[in-house]
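Each residue of the sequence shown is one higher than the one before, counting from 8 in the working numbering. C-beta atoms are modelled at their ideal positions from N, C-alpha and C, and glycine is treated no differently.
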Amino acid sequence: MMHRKREVVKFNVDFDVLRMENLPPKYTTFRILLTRGSKIKKTNEIKATDRTARPGDEASLRFTTTLERSSDGFGFDEKTYKLSLMRINNRATLHKEKKIGSAHINLAEYATKSRDSGEEETKLALSMADYPSPTWVSISVCLSSGKGGHHYDDGSDGCSEASGFHTTAETVSHATSYQSQSMASIEEDQSMMDDVDEEEQNEEEEEEKDERALMSEQASSRLIASSGRAAAGRGEGSAAQAAARGGGGGSSGAGRESEQSSTKTHLEAQIKELVGQLKATEAELTRAKLDEAEVLKRRESVAARATKAAARRAGLQARLDVVRGTTQMVEAERDETKRRAVAVERGGGA
Numbered sequence: 008m009m010h011r012k013r014e015v016v017k018f019n020v021d022f023d024v025l026r027m028e029n030l031p032p033k034y035t036t037f038r039i040l041l042t043r044g045s046k047i048k049k050t051n052e053i054k055a056t057d058r059t060a061r062p063g064d065e066a067s068l069r070f071t072t073t074l075e076r077s078s079d080g081f082g083f084d085e086k087t088y089k090l091s092l093m094r095i096n097n098r099a100t101l102h103k104e105k106k107i108g109s110a111h112i113n114l115a116e117y118a119t120k121s122r123d124s125g126e127e128e129t130k131l132a133l134s135m136a137d138y139p140s141p142t143w144v145s146i147s148v149c150l151s152s153g154k155g156g157h158h159y160d161d162g163s164d165g166c167s168e169a170s171g172f173h174t175t176a177e178t179v180s181h182a183t184s185y186q187s188q189s190m191a192s193i194e195e196d197q198s199m200m201d202d203v204d205e206e207e208q209n210e211e212e213e214e215e216k217d218e219r220a221l222m223s224e225q226a227s228s229r230l231i232a233s234s235g236r237a238a239a240g241r242g243e244g245s246a247a248q249a250a251a252r253g254g255g256g257g258s259s260g261a262g263r264e265s266e267q268s269s270t271k272t273h274l275e276a277q278i279k280e281l282v283g284q285l286k287a288t289e290a291e292l293t294r295a296k297l298d299e300a301e302v303l304k305r306r307e308s309v310a311a312r313a314t315k316a317a318a319r320r321a322g323l324q325a326r327l328d329v330v331r332g333t334t335q336m337v338e339a340e341r342d343e344t345k346r347r348a349v350a351v352e353r354g355g356g357a
């Protein structure tokens, strides 16, 4: 029995990101990727404000795809693309872009929808590894068969043409019926969650490296400045020597000794100045340490006084309770004595 070869139809795809909501708060720049196998389509950078983005043309993709007619002849076989949300960290030296969430879409669903369904949106929920609530990405997908055989790769207008397949659809959740993709998506999300801690650690290490590099650069600048001052001192000494040699080519040994003595005196003055600066820096560091120790000492003293005050308050409260109890007893005895006296007076009168 011969099997009839099923029809393959080529479509223009208009993919637009309409909104992104509840984005992770740590980043403000993102990108959307559509991938299937080795094929990758990606938007330009998308800027977010207050964890929300409403992009324009920078979040639009235009490409072609082919769908195969299903065996019943009415629909098309499933063709899924993976939609990935990428965060962009331009400060990082490594891992400038990192996937933080993903979902899957089936382009065959958009080809089989009626063109009368209206311009509705698909709302996908992307689970975030580090955040309890999902990020919502609203997209519009339009498939056109390319009237007259024209497609994006030969300059057609795609969905702007009057095509029998021009639609967008609405989904409330990223959960789909793609059983063939479910396990892969779950494993990938688990892997993404496992990689988050490593990524954050790498970023922290990069920031620490940048800080250390800055501190090293500042220290090098100070060292170069000190070396420059010393070199200037040596240059002045050399200039003095040259001037002395030029002015008195036939000077005696006593003149040369005077020259050397002057140079030595100048260098010693430079060294003395640098040593003085070093001592001043060390003194300032010592004062800072003493100030820190004094602050800690005062803090400990305040804590000790607070402890003593609390103890005294507790003692006074205890004494006050004893005095009140004694007062109550004395008053009770006084009342009893009065009562007895009254009783005695009444008994004597009778």
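When we look at the beta-carbon of I278 and count the other beta-carbons within 10 Å, is it buried (16 or more) or exposed? The residue in question, I278, is exposed, as its Cβ has fewer than 16 Cβ neighbours within 10 Å.
Rounded to whole angstroms, what is the Cα-Cα separation between K86 and R43? 9 Å
I need the DSSP call for Y88, collapsed to helix, strand or coil. strand
Tell whether a beta-carbon distance below 8 Å holds between S109 and K130. Their beta carbons are not under 8 Å apart, which means S109 does not touch K130 by this criterion.
Taking the C-alpha atoms as reference points, what is the distance between A311 and A287? 35 Å
As a quick exercise: from T334, Y34, T59 and V349, pick the residue whose alpha carbon is nearest that of K103. Y34
What are the partner residues of V16, as DSSP defines its beta bridges? L74
Are the beta-carbon atoms belonging to G80 and A115 less than 8 Å from one another? no
Proximity of P32 and I107 at Cβ, strictly below 8 Å: no
Whose CA, out of S77, R69 and D23, lies closest to the CA of A383? With the chain running from 8 to 357 in the structure shown, residue 383 is simply not present.
Applying the criterion that 16 or more other CB atoms from any shown protein chain within 10 Å of the CB defines a buried residue, is E299 buried or exposed? exposed
Quick check on the DSSP output: the alpha helix (DSSP H) that includes A115 runs from which residue to which? That run of the alpha helix (DSSP H) goes L114 to T119.
Quick check on DSSP: helix, strand or coil for Y185? Note that Y185 scores 34 on pLDDT, short of 50, meaning its location in the model is unreliable; the coordinates nonetheless yield the value given after this. Y185: coil per DSSP, three-state reduction.
Would you list the residues sitting across from T36 in a DSSP beta bridge? K54
Buried versus exposed, by CB contacts within 10 Å (16 or more), P62: The C-beta of P62 has 16 or more other C-beta atoms within 10 Å across all chains shown, which makes the residue buried.
Tell me whether R94 is buried or exposed, calling it buried when 16 or more other Cβ atoms sit within 10 Å of its Cβ. It counts as buried.
Buried or exposed: where does D342 fall if 16 or more other Cβ atoms within 10 Å of its Cβ makes it buried? exposed
Can the beta-carbon of L92 be found closer than 8 Å to that of T36? Not in contact: L92 and T36 (Cβ atoms no closer than 8 Å).
Tell me the residue span of the beta strand (DSSP E) that contains S151. T142 to S151
Provide the residue span of the beta strand (DSSP E) that contains T59, from first to last. Where T59 is concerned, there is no enclosing beta strand (DSSP E), given that its DSSP letter is neither H nor E.
Taking 8 Å as the CB-CB limit, is S308 close to chain C? No chain C is present in this structure, which holds just one protein chain.
Suppose contacts are defined by Cβ-Cβ distances below 8 Å. Is F18 in contact with S140 by that definition? Result no, Cβ atoms of F18 and S140 do not sit closer than 8 Å.
I'd like to check one pair, T50 with D68: are the Cβ atoms closer than 8 Å? Contrary to the premise, residue 68 reads as Leu rather than Asp in this sequence. Note that the C-beta distance between L68 and T50 is below 8 Å.
Could you tell me the distance, in whole angstroms, from the CA atom of R331 to the CA atom of R353? 33 Å
In whole angstroms, what is the alpha-carbon distance linking A276 and Q284? 12 Å
Is H111 helix, strand or coil when you go by DSSP? strand
Thinking just about the alpha-carbon of each residue, which of K12, K89, Y88 and T272 is nearest to the one in S78? K12
Among T72, I47, R38 and I53, which residue has its Cα nearest to the Cα of V15? T72
So what does DSSP say about S308, is it helix, strand or coil? helix
My understanding is that I112 touches L90, with C-beta atoms under 8 Å, so please give their C-beta distance in whole angstroms. 6 Å
What separation, rounded to the nearest whole angstrom, lies between the Cα atoms of T293 and E301? 12 Å
Residue span of the beta strand (DSSP E) that contains K130, given as start and end: T129 to L133
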